[in-house]
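K.L.:
Just so we're on the same page, our numbering is the position in the sequence shown counted from 1, plus 54.
Using N, Cα and C, we set each Cβ at its ideal position, and we do this for glycine too.
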Amino acid sequence: MKLRLLLPWALAVMFLASGSVWAQEQGFPITVVPPGKGPYEFPRGYQTPWDRIQMLVTEKLSPNLYCLHGSAGLDPAHPDAAGGRVAVLFGSDGVLMVDTEDPQLASKTLDTIRTFTAAPIKLVVNSHIHPDHTGGNAFFAKQGAVIFAQENLREEMLSPRGARGRAPDPDGVPTATYRYGSPGDPAVTIHMNGETVDFIPMMPSHTAGDTIVRFNKANVIYIEDFYRNFGYPFADQANGGSIRGMIEAVDLIEKIAGPDTTLVPGHGTLVKKKDLLGYRAMLVDILAKVQKLRDQGKSLDEVLAANLTAPYDATTLGDTQQSKDRFITEVYDEIKDLPPVIHGVRKMPARTPAQR
Ligand SMILES: [Zn+2]
């Protein structure tokens, strides 16, 4: 009798001692509603019908860590699932959210959170500045949340200069900030609801103000938008993003994630770190090919006409001409004369017709 009681305990200790990474909870993650695959087409002049978009619980990552995302086929910026993915840790200590969705979806996001927890909204951390990730900040600040972000994200919000820059709602500007230090080092660690949550500021990659969020017990990392599996990569260079930084970001995930760690992109399907390798290889390949053409003195239009993404089109969901051209243009700009990031913003030079 005594032995039977002891054995499971001894096994549990051995299991915990055998590795520093927490084990993923049995049976998780659960995909409740997968993102759409398309293809999607929207007529000219189409306006997003925000009132028709539902906020759904799309994934359960652990018993108290859920993802919410908008419905598919309605948001032309993100047709596979509207807006940006929100992660919600909940329990008796309150709610911690990663990102706050587009402003038009903020109150629906709260309504959906209220279907599984009545706990107060305590903390928000922003993965990057884009409105599909920070648009609901002011709304959730009014619910009582303290908003955390990298210092650069706050700078980007206070002095918007990028193509997507817009004057911030002062109530939605992050008030708790931290800086990028060494790759992979958490800047903030939060202990709540039995979970240990690390806010890990990133090198300039998708933007200069990126943060990934690690849920240690659930064995989950919210990796935001430096990786995507719908459409071609997007480095927001006006906000300090960098294609080379995105390669560094993938390499960092290789170091800090375990083989079974669930990686949660801001858009698209859940992945494991091995799924990032093809994406990395594509970035390296396209960088080298654009470099070669630039070395030959080719203009941007000539580089675009070379159709360098062709080998990847068949396997890239959401592949559109706009998505390809944006990616190739970023790589072209990055190879030469990419200005430095100052106060979270990279002042991109105006492109004259001759340079195209
Ligand atoms: Zn996004």
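If you draw a straight line from the C-alpha of F145 to the C-alpha of Y120, how long is it?
P.N.:
Counting from 1 along the sequence shown, the entry for residue 145 is found at position 91. Counting from 1 along the sequence shown, the entry for residue 120 is found at position 66. The amino acid at residue 145 is misidentified as Phe; the sequence shows Gly. Answer to the nearest angstrom: the Cα atoms are 12 Å apart.
K.L.:
Relative to ligand 1, what is the chain-ordered list of residues with a Cβ closer than 6 Å to any of its non-hydrogen atoms?
P.N.:
After applying the 6 Å Cβ criterion, the set is G138, H184, D186, H187, D279, G320 and H321.
K.L.:
What residues in its chain sit with their C-beta under 8 Å from that of R334, if we drop five residues either side in the sequence?
P.N.:
The residue you call residue 334 lines up with position 280 of the sequence shown. Around R334: I301, V304 and D305.
K.L.:
Considering E278, what are the terminal residues of the beta strand (DSSP E) in which it resides?
P.N.:
As a first step, residue 278 must be located in the sequence shown, where it is residue number 224. Here the beta strand (DSSP E) through E278 covers V274 to E278.
K.L.:
So V152 and V179 are supposed to be a Cβ contact under 8 Å. How far apart are they, rounded?
P.N.:
Within the sequence shown, the letter at position 98 stands for residue 152. Within the sequence shown, the letter at position 125 stands for residue 179. With a Cβ gap of about 6 Å, V152 and V179 count as contacting.
K.L.:
For a test of the three-state rule: what should DSSP assign to G299, helix, strand or coil?
P.N.:
Locating residue 299 in the sequence shown gives position 245, where the first residue counts as 1. Residue state, collapsed to three classes: helix.
K.L.:
In chain order, which continuous runs of the beta strand (DSSP E) of length 3 or greater are located wholly inside the stretch 83-156?
P.N.:
DSSP runs (the beta strand (DSSP E)) wholly in the stretch 83-156: 109-116, 119-124, 140-143 and 149-152.
K.L.:
Could you give the distance in angstroms between the alpha-carbon of P157 and the alpha-carbon of G351?
P.N.:
As a position in the sequence shown, residue 157 is number 103, starting the count at 1. As a position in the sequence shown, residue 351 is number 297, starting the count at 1. Using only the alpha carbons, I get a separation of about 44 Å.
K.L.:
Helix or strand or just coil, what does DSSP make of F288?
P.N.:
In the sequence shown, counting from the first residue as 1, residue 288 sits at position 234. Correct three-state label for F288: coil.
K.L.:
Starting from P255, follow the beta strand (DSSP E) in both directions and report where the run begins and ends.
P.N.:
For this step, residue 255 is matched to residue 201 along the sequence shown. Taken as a continuous stretch (DSSP letters only), the beta strand (DSSP E) holding P255 covers E249 to P255.
K.L.:
Mind checking whether N283 and G226 have CB atoms under 7 Å apart?
P.N.:
Residue numbering aside, residue 283 sits at position 229 when the sequence shown is read from its first letter. Residue numbering aside, residue 226 sits at position 172 when the sequence shown is read from its first letter. No, they are not a contact pair.
K.L.:
Is the Cβ-Cβ distance between I201 and G263 less than 7 Å?
P.N.:
Taking the first residue of the sequence shown as 1, we reach residue 201 at position 147. Taking the first residue of the sequence shown as 1, we reach residue 263 at position 209. No, the Cβ-Cβ distance between I201 and G263 is not below 7 Å.
K.L.:
Drop a sphere of 10 angstroms on the beta-carbon of E155, count the other beta-carbons inside from all chains shown, and report buried for 16 or more, exposed for fewer.
P.N.:
Within the sequence shown, residue 155 is the residue found at index 101, counting from 1. Per the 10 Å Cβ criterion, buried.
K.L.:
Would DSSP call M246 helix, strand or coil?
P.N.:
Counted from its first residue, the sequence shown places residue 246 at position 192. The answer is strand: DSSP assigns M246 an E or B state.
K.L.:
What residues match up with R268 in a beta bridge as DSSP calls it?
P.N.:
Stepping through the sequence shown from its first residue, residue 268 is reached at position 214. D252 and I275, per the DSSP bridge assignment.
K.L.:
Grab me the residues of E388's own chain with a C-beta within less than 8 Å of its C-beta, minus the 5 sequence neighbours each way, in chain order.
P.N.:
For this step, residue 388 is matched to residue 334 along the sequence shown. A289, Q291, S296, I297, R298 and L341.
K.L.:
May I ask you to verify whether the stretch 253-269 touches the stretch 353-363, counting CB pairs closer than 8 Å and requiring at least 3?
P.N.:
Output reads no: the stretch 353-363 does not touch the stretch 253-269.
K.L.:
Who are L164's beta bridge partners in DSSP?
P.N.:
As a working note, residue 164 is residue 110 in the sequence shown. According to DSSP, which records beta bridges pairwise, L164 is partnered with nothing at all.
K.L.:
Going by DSSP in three states, R282 sits in which element: helix, strand or coil?
P.N.:
Indexing the sequence shown from 1 puts residue 282 at position 228. The answer is coil: DSSP assigns R282 none of H, G, I, E or B.
K.L.:
With a CB to CB cut of under 6 Å and the five nearest residues on each side skipped, what residues in its chain are close to Q345?
P.N.:
For the purposes of this step, residue 345 is taken as residue 291 along the sequence shown, with counting starting at 1. These residues qualify, in order along the chain: I389.
K.L.:
For R334, name the three-state secondary structure that DSSP assigns.
P.N.:
As a first step, residue 334 is located in the sequence shown; it is residue number 280 there, counting from the start. Of the three classes helix, strand and coil, the one that applies to R334 here is helix, per DSSP.
K.L.:
Between which two residues does the beta strand (DSSP E) carrying T363 extend?
P.N.:
On the sequence shown, residue 363 is found 309 positions in, with the first residue counted as 1. Here T363 belongs to no beta strand (DSSP E), and DSSP marks it neither H nor E.
K.L.:
Indicate the three-state DSSP secondary structure (helix, strand or coil) for P240 in the structure shown.
P.N.:
Within the sequence shown, numbered from 1, the residue matching residue 240 stands at position 186. In the structure shown, P240 sits in coil (DSSP, three-state: anything other than H, G, I, E or B).
K.L.:
In the DSSP assignment, find the unbroken alpha helix (DSSP H) run with K378 in it and report its ends.
P.N.:
Your numbering for residue 378 matches position 324 in the sequence shown. Counting along the chain, the alpha helix (DSSP H) containing K378 begins and ends at Q375 to I389.
K.L.:
Rounded to the nearest angstrom, what separates V399 and M257 at their Cα positions?
P.N.:
In the sequence shown, residue 399 corresponds to position 345, counting from 1. In the sequence shown, residue 257 corresponds to position 203, counting from 1. About 13 Å.
K.L.:
Out of curiosity, what's the CA-to-CA distance linking G198 and I254?
P.N.:
Locating residue 198 in the sequence shown gives position 144, counting from the first residue. Locating residue 254 in the sequence shown gives position 200, counting from the first residue. Those two C-alpha atoms are separated by around 23 Å.
K.L.:
On the three-state DSSP scale, how would you describe S74?
P.N.:
Within the sequence shown, numbered from 1, the residue matching residue 74 stands at position 20. With a pLDDT of 44 at S74, under the threshold of 50, the modelled position of that residue is not reliable, and no figure is offered here.
K.L.:
Taking 6 Å as the limit between beta carbons, can you name the residues of its chain near V251, skipping five residues before and five after?
P.N.:
As a working note, residue 251 is residue 197 in the sequence shown. Here the set comprises I244 and F269.
K.L.:
May I ask which residues mark the beginning and end of the alpha helix (DSSP H) holding T188?
P.N.:
As a first step, residue 188 is located in the sequence shown; it is residue number 134 there, counting from the start. Per DSSP, T188 belongs to the alpha helix (DSSP H) from P185 to T188.
K.L.:
Using only alpha-carbon positions, find the residue among S377, T369, D349 and T383 that is nearest to D355.
P.N.:
Position 301 of the sequence shown holds residue 355. For the residues S377, T369, D349 and T383, the minimum Cα distance to D355 belongs to T383.
K.L.:
Around the C-beta of G99, are 16 or more other C-beta atoms found within 10 angstroms, so that it is buried, or is it exposed?
P.N.:
Here residue 99 refers to the residue found at position 45 of the sequence shown. Label assigned to G99: exposed.
K.L.:
Less than 7 Å between the C-beta atoms of G138 and D186, yes or no?
P.N.:
On the sequence shown, residue 138 is found 84 positions in, with the first residue counted as 1. On the sequence shown, residue 186 is found 132 positions in, with the first residue counted as 1. Yes, Cβ-Cβ distance for G138 and D186 is below 7 Å.
K.L.:
So which of L392, S116, V86 and P83 has the shortest CA-CA distance to N247?
P.N.:
In the sequence shown, the residue the question calls residue 247 occupies position 193. Ranking the options by Cα distance to N247, first place goes to S116.
K.L.:
By the three-class DSSP mapping on this structure, what secondary structure does Q204 have?
P.N.:
Within the sequence shown, residue 204 is the residue found at index 150, counting from 1. Strand, per DSSP.
K.L.:
Can you tell which of P130, Y94, T163 and L128 has its C-alpha closest to the C-alpha of Y112?
P.N.:
Counting from 1 along the sequence shown, the entry for residue 112 is found at position 58. First, the residue type needs correcting, since residue 112 is Thr and not Tyr in the sequence shown. Among P130, Y94, T163 and L128, the Cα nearest to that of T112 is on T163.
K.L.:
Pick from F194, S161, T166 and D165: whose alpha carbon is nearest that of K176?
P.N.:
In the sequence shown, residue 176 corresponds to position 122, counting from 1. Among F194, S161, T166 and D165, the Cα nearest to that of K176 belongs to F194.
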